[in-house]
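If you read the sequences in order, they're chains A and B.
Oh and the first sequence: position 15 is 15 in full-length UniProt numbering, straight run, nothing missing.
Oh and the second sequence: position 166 is 166 in full-length UniProt numbering, straight run, nothing missing.
Glycine residues also receive a C-beta, built at the ideal position from the N, C-alpha and C atoms.
This report refers to the structure that appears directly beneath it.
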Amino acid sequence: MKDYSGFIFAAYAFAAIVVGAMIVKIVADYRDLKRKLARFDGREIKP
Amino acid sequence: MLKYANPTHFLALAARLIPWLAATTALLLIAGLYLTFFVAPDDYQQGSSVKIMYLHVPSAWLAMMCYVIMTSAALGTIVWRHPLADAAQKAAAPLGAAFTLLCLVTGSLWGKPMWGTWWVWDARLTSVLVLFLIYLGLIGLWRTIEEPAQAARAAAILTLVGVVNIPIIKFSVDWWNTLHQPASVFKLGGPAIAGSMLWPLLIMAVGFTFLFFTLHLMAIRNEILRRRLRRLSIDAAHAEEQAEATA
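The structure is reproduced here in structure tokens:
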């Protein structure tokens with residue numbers, strides 16, 4: 001049987017990048033929005 | 001249930017649910033990956049390349065499921081004009097695009113060693129590519145129209161038109177001769193896949209589904225906050241204008 005490890009690694013690495021990018025983008029967006037809203041409310045930002 | 005359709009109540013519910021959903025997602029994906037790499041056997045024909053199936057199939061299911069969720073939200077926008085339906089629809093589009101891209105790329109990486117080609121213009125592959133383009137079109141539409149309510153209605157109409165592609169994707173392998181294999185899990189007469197491969201696949205699929213719901217909930221929360229920020233910015237600008245006018 002042939003060795004397909006290169007294809008398998010590429011598929012899982014791509015999935016990790018796509019899922020990681022989605023998580024980072026959503027979390028960063030949330031933090032940015034909370035910061036901007038806190039400025040309006042004049043509140044302290046929760047970590 | 002209707003109580004949670006109120007954005008403020010929804011934010012409170014999301015804050016409670018997100019940590020639990022994220023933890024369940026992590027556990028399911030760890031279990032799924034363990035079963036994929038250490039328990040599930042190689043295929044007698046495809047060898048170890050079948051490991052790609054455990055990513056490809058869940059992403060394909062989610063690519064379609066996300067669109068079905070967007071279609072329900074689009075109905076909520078058009079029929080009830082509910083702001084939460086708008087937010088759910090807008091938040092789902094980038095996730096759907098990401099899972100469709102993942103499905104296309106992992107399919108290509110599986111297709112090359114098995115079919116000898118990265119891509120063929122067969123009905124299944126082409127209809128999934130069309131789904132990806134619809135997602136991109138919807139993201140573009142949301143970004144182009146500044147007024148959220150107007151953008152929501154336009155996106156809802158496009159979503160409802162595009163839903164015709166979902167049965168085409170599902171049944172393309174039955175309606176036309178395709179290089180892509182026919183359904184092997186959800187089919188009449190039960191799954192045509194061995195239990196030792198089916199269970200890891202189902203656990204990965206449930207893990208991916210939890211991942212989607214976690215990210216969707218987080219993205220809806222962001223969308224509600226973005227609208228709140230927009231309203232506050234507009235109010236502040238009006239207040240400033242009035243102050244200048246009275247001065």
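- Within the same chain, L21 come within 7 Å of B/F213 by CB-CB distance, once the 5 residues on both sides are set aside.
- A distance below 8 Å separates the beta carbons of B/A92 and B/C66.
- Look at A/D3 here: in three-state DSSP terms it is coil, with no helix or strand label.
- If you draw a straight line from the Cα of B/I69 to the Cα of A/F40, it comes to about 33 Å.
- For the region 12 to 27 of chain A, the set of positions with a beta-carbon nearer than 9 Å to some beta-carbon of chain B reads Y12, F14, A15, V18, V19, A21, M22, I23, K25, I26 and V27 in chain order.
- Residues are counted here when their Cβ sits less than 7 Å from a Cβ of chain A; for the region 5 to 30 of chain B the count is zero.
- In the DSSP annotation of this structure, the continuous segment of the alpha helix (DSSP H) that includes B/S108 starts and ends at P83 to W115.
- Using a CB distance below 8 Å, the part of the region 109 to 129 of chain B facing chain A consists of L109, W110, K112 and P113, ordered along the chain.
- According to DSSP, B/G47 shares a beta bridge with B/D43.
- In this model, B/W110 and B/S49 are separated by some 7 Å (Cα to Cα).
- Identification of residues in the region 208 to 229 of chain B having a C-beta nearer than 8 Å to some C-beta of chain A yields L211, L215, M218, A219, R221, N222, L225, R226, R228 and L229, given in sequence order.
- Close partners of A/A10 in chain B (Cβ separation under 8 Å): L109.
- DSSP places B/N165 inside the alpha helix (DSSP H), whose first and last residues are N165 to W175.
- Contact between B/R124 and B/S184 is ruled out by a C-beta separation of about 13 Å, above the 8 Å threshold.
- Contact with chain A is absent for B/I169, since none of that chain's Cβ atoms lies less than 8 Å from the residue's Cβ.
- One alpha carbon belongs to B/S233, the other to A/D29, and they sit about 17 Å apart.
- The Cβ of B/A60 sits no closer than 8 Å to any Cβ of chain A.
- The continuous alpha helix (DSSP H) containing B/I18 extends over residues P7 to Y34.
- In this structure, B/H180 keeps its C-beta atom at 8 Å or more from the C-beta atom of B/C103.
- Under the three-state reduction of DSSP, B/P200 is assigned to helix.
- By alpha-carbon distance to B/L95, the top candidate from B/A152, B/M64 and B/R81 is B/M64.
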